[in-house]
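For the working numbering, add 3 to where a residue sits in the sequence shown, where the first one is 1. Glycine residues also receive a C-beta, built at the ideal position from the N, C-alpha and C atoms. Scroll down for the structure; my scribbles are underneath it.
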Amino acid sequence: MQWQPGDDMVRLIRTIVPVFALIAVTAGCSSDAGKSEQRLTEQRESYCTQLGAWQDAREEEADAEAEGPGAEADGASGYDMVGAVADDAFLAMEPLRDEPVGGGRTLAEATVAAMKSSDVEAGGLIVQYCQDNGFETQVG
């Protein structure tokens with residue numbers, strides 16, 4: 004068998020192309036992972052911010068009720084205000100619904116129990132979730 008100049012080039016290409024393909028795939032995955040982690044952080048922050056707003060609205064409602072019949076928080080009935088803010092928190096929770104929060108519960112289960120049933124334990128779990136993810140200033 005006689006050596007031909009093109010043989011080395013073919014071997015080089017057969018060696019380099021898979022290496023470059025592997026590098027491209029790996030770089031793409033790490034870039035996507037970084038974007039996914041950033042997106043997850045943004046979703047958690049949004050949820051915790053909405054949770055804090057719900058806590059504030061609920062507190063304003065309780066203060067208005069303590070003032071007596073007919074008192075309304077910021078010109079809206081407490082039900083309307085708290086309900087609207089709860090809806091925003093539910094929307095923010097949706098992409099995170101399956102995240103575990105402890106006690107065998109998901110974020111969705113704990114959020115619903117806290118907001119719809121006044122479940123104190125569930126309320127503690129969702130506040131702890133926000134604290135564990137670095138958003139303790141958004142919640143009470």
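Please check the pair residue i and residue j, which I expect to be a contact at CB under 8 Å, by giving their CB distance rounded to whole angstroms.
i	j	result
A113	V104	5 Å
G107	L128	With 8 Å as the limit, G107 and L128 do not qualify as a contact, their Cβ atoms being about 10 Å apart.
Counting only the same chain and skipping the five closest in sequence on each side, list residues whose C-beta sits under 6 Å from that of residue i.
i	result
A95	S49, Y50, Q53
A125	A113, A116, A117
Apart from the five residues on each side of it in sequence, which residues of its chain come closer than 8 Å, Cβ to Cβ, to residue i?
i	result
A92	Y50, Q53, L54, A56, W57, T114, M118
Q141	E48, C51, T52, L54, G55, C133
K38	none
E45	none
Judging by CA-CA distance, which residue of the options is the nearest neighbour of residue i?
i	options	result
Q131	A89, Q41, L110	L110
D101	G37, L43, G86	L43
D135	A89, S121, G37, R47	R47
E40	S121, E139, E70, L99	L99
S121	F138, C133, E70, A89	A89
For residue i, which residues of its own chain have a beta-carbon under 7 Å away from its beta-carbon, when the five flanking residues on both sides are left out?
i	result
F138	R47, E48, C51
G143	G55, Q58
G86	none
Every unbroken alpha helix (DSSP H) within the region 110-137, with a cutoff of 4 residues, ordered by chain
Counting whole runs of 4 or more residues, the region 110-137 contains the alpha helix (DSSP H) stretches 110-120, 123-135.
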